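Using the working numbering, the first residue of the sequence shown is number 1, and each one after it goes up by one.
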Amino acid sequence: MLGTDIAIDLGTSSVKIYLTGKGIVLNEPSVVAYDTQTDEVVAIGREAYEMTGRTSKKIAVVRPLNNGVISDFSLAQYVILHYLKKVSTNKLVMPRVVVSVPCGITEVEKRAVVDAISSSGVRKICLIEEPVAAAMGAGVDISTPHGCLVVDVGGGTTDMAVISLSGIAISNSIKVAGSAFDEAIVKYVRRKYHLIIGARMAEEAKIAVGCVYPRKEVISFLVKGRNALTGLPQAQQITCDEALEALIEPAMQIVGVVQDMIERTPPELVGDISTDGLILTGGSSRLYGFDTLMAKKTKMPVRVPEEPENCVAVGAGKATKFIDDMENKNYGVLNPLSAVY
Ligand SMILES: Nc1ncnc2c1ncn2[C@@H]1O[C@H](COP(=O)(O)OP(=O)(O)OP(=O)(O)O)[C@@H](O)[C@H]1O
Ligand SMILES: [Mg+2]
Numbered sequence: 001m002l003g004t005d006i007a008i009d010l011g012t013s014s015v016k017i018y019l020t021g022k023g024i025v026l027n028e029p030s031v032v033a034y035d036t037q038t039d040e041v042v043a044i045g046r047e048a049y050e051m052t053g054r055t056s057k058k059i060a061v062v063r064p065l066n067n068g069v070i071s072d073f074s075l076a077q078y079v080i081l082h083y084l085k086k087v088s089t090n091k092l093v094m095p096r097v098v099v100s101v102p103c104g105i106t107e108v109e110k111r112a113v114v115d116a117i118s119s120s121g122v123r124k125i126c127l128i129e130e131p132v133a134a135a136m137g138a139g140v141d142i143s144t145p146h147g148c149l150v151v152d153v154g155g156g157t158t159d160m161a162v163i164s165l166s167g168i169a170i171s172n173s174i175k176v177a178g179s180a181f182d183e184a185i186v187k188y189v190r191r192k193y194h195l196i197i198g199a200r201m202a203e204e205a206k207i208a209v210g211c212v213y214p215r216k217e218v219i220s221f222l223v224k225g226r227n228a229l230t231g232l233p234q235a236q237q238i239t240c241d242e243a244l245e246a247l248i249e250p251a252m253q254i255v256g257v258v259q260d261m262i263e264r265t266p267p268e269l270v271g272d273i274s275t276d277g278l279i280l281t282g283g284s285s286r287l288y289g290f291d292t293l294m295a296k297k298t299k300m301p302v303r304v305p306e307e308p309e310n311c312v313a314v315g316a317g318k319a320t321k322f323i324d325d326m327e328n329k330n331y332g333v334l335n336p337l338s339a340v341y
């Protein structure tokens with residue numbers, strides 16, 4: 001075998017890297033902290049994430065990736081290079097890379113992703129559309145004439161698509177996902193308790209007690225922040241029922257867009273989906289009760305694979321076996337890769 005092939009998922013929340021033969025070898029927050037005066041990078045990944053909301057004016061913490069689209073080119077390039085260096089095992093053979101991109105991204109946006117990665121010296125870059133990768137990562141054989149509906153609820157966006165014969169029949173994407181859930185908690189706590197909390201605290205509360213369908217037992221989580229009226233520190237217990245009240249609105253927005261897409265899906269494919277069920281992937285599919293809510297509202301069975309946040313990277317990793325075909329200009333209809341650079 002000539003070198004290792006690599007798959008990369010450039011998510012809003014985290015970057016995941018898959019190595020053929022090894023699986024997921026890296027999962028780090030897509031966050032960078034830099035000195036605002038010198039533009040020097042001071043921390044990347046988990047270390048930078050810890051600084052979120054805790055920096056002085058001199059340091060800014062940013063997310064240079066926005067659902068597979070680059071929002072800050074030089075910082076994104078820096079992050080990608082840093083992570084590829086971290087995982088590269090063979091210094092002599094340049095790797096080939098499959099990178100997942102959201103469907104519907106423009107040529108210019110694709111070019112930016114390719115340029116950011118190619119500066120790290122890779123030999124070949126292939127693109128795969130995220131829902132296609134997610135379905136493959138969830139273990140679906142997408143090459144058959146059989147419809148499969150994947151809904152990937154990530155950090156920044158929810159991407160959904162009906163896939164058949166290794167291609168996308170219909171797709172949609174909305175900017176309501178993990179961060180919108182966090183924001184909903186921030187707003188709820190502010191409205192009800194005049195308590196101002198940060199996005200990180202809200203995310204912790206969401207993971208601890210969040211739900212979009214009633215939990216069997218009432219649990220609570222202590223959030224800490226500042227009172228908007230007095231300006232003094234304040235702590236408040238938030239129950240899962242309160243979290244439900246806050247989270248149901250963004251959750252129903254996602255469900256609504258899924259319902260809408262199902263209505264526009266050709267009937268034969270809807271038949272397949274209603275038998276097999278809908279597949280929920282992405283980190284936010286771990287939100288308690290999301291599968292139940294989706295199943296009740298769409299009247300379809302719902303499946304959440306193990307490690308749903310890794311599906312896109314694992315699927316892109318599985319698709320590395322199609323790189324040879326792409327290099328030989330054999331873009332067969334059943335090739336899940338969409339472009340080669
Ligand atoms: N147990 C959990 N309950 C609820 N949300 C969770 C849980 N675990 C992780 N999340 C959320 O999942 C999100 C990250 O998911 P994922 O890694 O799929 O995103 P991403 O691929 O980086 O983003 P995107 O696909 O939007 O670019 C975060 O918002 C995180 O808070
Ligand atoms: Mg993602």
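Using N, Cα and C, we set each Cβ at its ideal position, and we do this for glycine too.
The model shown is predicted, which means the values in this text are computed figures rather than measured ones.
Query: Comparing alpha-carbon positions, which option in Asp35, Asn66, Lys16 and Val99 lies nearest Phe322?; Result: Val99
Query: Spatial neighbours of Glu203 within its chain, please: CB distance less than 7 Å, with the 5 preceding and 5 following residues excluded, ordered by chain position.; Result: Asp182
Query: Report the residue from Lys296, Ala60, Ile197 and Val186 whose alpha carbon sits nearest the alpha carbon of Gln259.; Result: Lys296
Query: Could you round the C-beta distance between Ile6 and Pro131 to whole angstroms and report it? I think they count as a contact, below 8 Å.; Result: So it is not a contact: roughly 21 Å between Cβ atoms.
Query: So Ile197 packs on Gly225, CB below 8 Å; how close in whole Å?; Result: 4 Å
Query: Could you tell me the distance, in whole angstroms, from the CA atom of Ala246 to the CA atom of Lys192?; Result: 11 Å
Query: Just checking, does the region 112-132 make contact with the region 322-337 on the three C-beta pairs under 8 Å criterion?; Result: yes
Query: So the beta strand (DSSP E) Arg226 belongs to, where does it begin and stop?; Result: Ser220 to Asn227
Query: Taking only the alpha-carbon atoms, compute the straight-line gap between Ser56 and Met201 and give it to the nearest angstrom.; Result: 18 Å
Query: Helix or strand or just coil, what does DSSP make of Asn328?; Result: coil
Query: From Ala228 to Val189, what distance separates their C-alpha atoms?; Result: 11 Å
Query: Are at least three pairs of beta-carbons, each pair with one atom in the region 25-35 and one in the region 61-70, less than 8 Å apart?; Result: yes
Query: Please state whether the Cβ-Cβ distance between Gly315 and Ala138 is less than 9 Å.; Result: yes
Query: For Gly392, I'd like the list of residues in its chain whose CB is within less than 7 Å of its CB, leaving aside the five on either flank, ordered along the chain.; Result: Because the chain is modelled from 1 through 341, residue 392 falls outside the range shown and cannot be assessed.
Query: Ligand 1 and Ile207: does any heavy atom of the ligand fall closer than 8 Å to the residue's C-beta?; Result: yes
Query: State the CB to CB distance for the pair Asp159 and Pro102, rounded to an integer number of angstroms; the pair is presumed to be in contact (CB under 8 Å).; Result: 6 Å
Query: If the criterion is Cβ atoms closer than 9 Å, does the pair Leu75 and Ser119 meet it?; Result: no
Query: Measure the alpha-carbon distance for Asp35 versus Arg54 and round it to whole angstroms.; Result: 14 Å
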